[in-house]
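Before any comments, here is the structure.
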Amino acid sequence: MALLAVLLPASPAAALTPVAAPTADPAATAADSVDLAVTADSVDVAMPAADSVDLAVTAADSADPAEVGSTVTYSAVVKNNGPVFATGVEVTVAVSGADHVVRSASGGTGPCFLDASVATCTISSILAGATAKVQIMVTPQAAGTISARVTAATGEQTDSTPSNNAATETTVVNARPSSTDLAVTTTGPAGSVQVGAGYQYQAVVTNNGPDAATGVKAVVTLTGADRTIQAAAVGTGACSISAPRVNCEIGALAEGASTTVTVTVLPRATGSITATAEAGVATGDAVPGNNTAKADTVIAAAPAPPSSADLAVTVAGTRAVALAGTFAVTGTVSNRGPSAAAAVTATVALTGAPSLILGVTSSRGTCAATGSTVRCEVGNLTRNARATITVTVEPQALGAITTTATVSAVPATATMPAVPATAMMPAVPATATAPADPATATAPADPVTANNTAVRNTTVDNRLGCTIVGTAGNNVLIGGPGRDVICPLGGDDTVNASAGNDIVHGGSGNDIVQAGTGHDTIYGGLGNDTLTGGPGFDRLDGGPGADICTSGEIVVSCR
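Here the sequence shown stands for residues -15 to -1, 1 to 544, numbered as in mature numbering (1 follows the signal peptide of the UniProt record, and there is no 0).
What follows is the structure, given as structure tokens:
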């Protein structure tokens, strides 16, 4: 603004002659106007500079407060208050505060550049009285506060009021609440099932995230025709049966992880059975609508059995066993008549978590184990006769072991000497043969197969607290400097407990175990083991087998 000064005489006696104010010219521009400032001694005439502008900045956010992981848009508005248009305007937005990521910057008439948390945009020109907008998108990464400071400047004109060239917008950022989405699917048999034929439902619980789920539970409820829940198991956690429901405590489930609940059902009447599975989570479910799923099964009548043998099998055994322990399952085969059964064959198969079959005893016939399956040639069974098969198992990993027993027969002879229902042969080794019942006449095979299969589930847990675990093969295991619980499992293993107060649970093989420094407890387990104490107060327990123990302070079950 140009300044014109008119000097007046200093003498107070000097008189000023009033003059009329000039008439304003409507066509005059801001550049033509004047600003007269009069003092007792002078008159100042102020005129605006020809290249003067007044840039004013305001800033706003799209959300306050915002959540971690959301997108916050900061809008910067630059207004040119004039009097002339502004050119070469540069707008800078600097973001600071809690951890964040600047995703993008846009606006103006020129390009925008990002350098970490600073965005710079160019505006070629802003007319007097007009505005221009610049936007940046920011994603908070942590709770706290985030500030966006906006500044605008032009190097081509003079800013008459630089104090309004900057503005700051501050946003409060809150932590995102934990969120999970459990989804459930339930499946059953593809077709109908006959009365007396066992079948299974599978309910799959999946955590779709985005966070890990804790305190996950699943409930499977059975409704409809009369039935019996024979067994229930889950891949992660444990289940209990409280008819008509199966309650499973699954526990933690990582994002993207899933686990399967398996329920074995024996239908006892015609109609339909519905299995409804529902999952819940302690951390809250973002999409509860997919937490329930059901499957329907039609139960048809079983055909009337002809006059023939009716073989049945049941399985009994331990529900839960510790890793480094053993358990036994017993399959009982019986002939409910009315006819005799000949050439009866029974199998006991182990599936699920890895395991070793340590031994088999049978009250009748010959048994042989191949891998995880035992096959027994039971021979002939008269009406009400039975045979038992006991399998000793050593788990090789945590999880669930499913024992499935089956029985079958071929057309047999009908005239057999009566055998009392309670008569049993003495237990024999797996390779021994017990005499079979003689037969003289032909009878049909078993036409009722619904009761020819039985299932038992055993959960393998880590109640012994194993920290170093072997395999079914021959292992060399060495303890660490602290307290270890060493579980070699199957095979002929060599173990050195090393330092610390250690516990060793020997497996089924012929193990060599050396106690280390500290007060150690060594259990030899099955097999002919060699146990040696070390420095410290050691307890050596050979267990079954011909064991050799030396240097222990307490020695049990050793030669």
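All C-beta atoms, glycine included, are put in the ideal place defined by N, C-alpha and C.
| Asked | Found |
| --- | --- |
| Test item: CB-CB of Ser348 and Ala372 under 7 Å | yes |
| Cβ separation of Thr77 and Val57, assumed to be a contact under 8 Å, to the nearest whole Å | Rounded, the Cβ-Cβ distance is 18 Å, inconsistent with contact. |
| Same chain, Cβ closer than 8 Å to Thr502, five either side skipped, listed in chain order | Ser483, Ala484, Gly485, Gly519, Pro520, Gly521 |
| Alpha-carbon spacing of Lys202 relative to Thr221, whole angstroms | 11 Å |
| Arg524 - partner residues in DSSP beta bridges | Thr506, Ile539 |
| Rounded C-alpha distance that separates Ala160 from Arg448 | 38 Å |
| Given 8 Å, three or more beta-carbon pairs between the segment 276 to 288 and the segment 341 to 357 | no |
| Residue range of the unbroken beta strand (DSSP E) whose run includes Arg371 | 371 to 380 |
| Beta-carbon contacts of Ala115 that lie in its chain and below 7 Å, excluding the five residues immediately before and after | Asn65 |
| Inside the segment 105 to 154 only - alpha helix (DSSP H) runs reaching at least 4 residues | none |
| Counted within 10 angstroms of its Cβ, other Cβ atoms place Phe98 as buried (16 or more) or exposed | exposed |
| Nearest-angstrom Cα separation, counted from Gly256 out to Ile453 | 52 Å |
| Residue span of the beta strand (DSSP E) that contains Glu362, given as start and end | 358 to 366 |
| Rounded separation between Thr358 and Ala390 - CA only | 10 Å |
| The beta strand (DSSP E) enclosing Val78, as first and last residue numbers | 71 to 82 |
| Status (buried if at least 16 other CB within 10 Å, exposed otherwise) for Ser225 | exposed |
| Touching by the beta-carbon criterion (3+ pairs, under 8 Å), the segment 293 to 301 and the segment 319 to 333 | yes |
| Straight-line Cα distance separating Ile507 from Asp526 | 6 Å |
| Classification of Arg524 by the beta-carbon crowding that lies within 10 angstroms, buried from 16 upward | buried |
| Residue environment, Val378, which counts as buried when at least 16 other CB atoms sit within 10 Å | buried |
| Sheet register partners of Arg88 (DSSP bridge) | Answer is none; Arg88 lacks a bridge partner. |
| Expected contact under 8 Å - CB spacing of Gly450 and Leu474 to nearest Å | Their Cβ separation, rounded to whole angstroms, is 15 Å, which puts Gly450 and Leu474 out of contact at 8 Å. |
| C-beta atoms of Ser145 and Asp39 nearer than 7 Å | yes |
| Identity of the residue in Asp496, Asp505, Ile497, Asp478 nearest Ile488 by Cα | Asp505 |
| Proximity below 7 Å, CB of Ala394 to CB of Asp431 | yes |
| Helix, strand or coil at Pro50 [DSSP, three-state] | coil |
| Cutoff 7 Å; reference Pro414; Cβ partners in own chain excluding five residues on either side | Any reading at Pro414 is ruled out, since the residue's pLDDT is 35, under 50, leaving its predicted position unreliable. |
| Nearest-angstrom beta carbon gap, Ile284 and Val248 [assumed within contact, 8 Å] | Incorrect: roughly 15 Å between the Cβ atoms, too far for contact. |
| Cα-Cα separation between Val404 and Asp281, rounded to whole angstroms | Low per-residue confidence applies at Val404: pLDDT is 35, beneath 50, and the placement is therefore not dependable, though the value from the model is reported in the following sentence. If you take the alpha carbons of Val404 and Asp281, they lie about 44 Å apart. |
| Helix, strand or coil at Pro273 [DSSP, three-state] | helix |
| Of the listed residues Thr107, Thr261, Ala61, Asp477, nearest to Gly209 (C-alpha basis) | Thr261 |
| Start and end residues, beta strand (DSSP E) containing Ala457 | Unbroken run through Ala457: none, as it is neither H nor E. |
| Which of helix, strand or coil DSSP assigns to Gly491 | coil |
| Spatial distance of Val63 from Cys106 (CA atoms) | 12 Å |
| Local Cβ density within 10 Å of Ala428, reported as buried at 16 or more and exposed below that | Bear in mind that the predicted position of Ala428 carries a pLDDT of just 46, short of 50, making it too unreliable to give a figure here. |
| Alpha-carbon spacing of Leu308 relative to Thr444, whole angstroms | 10 Å |
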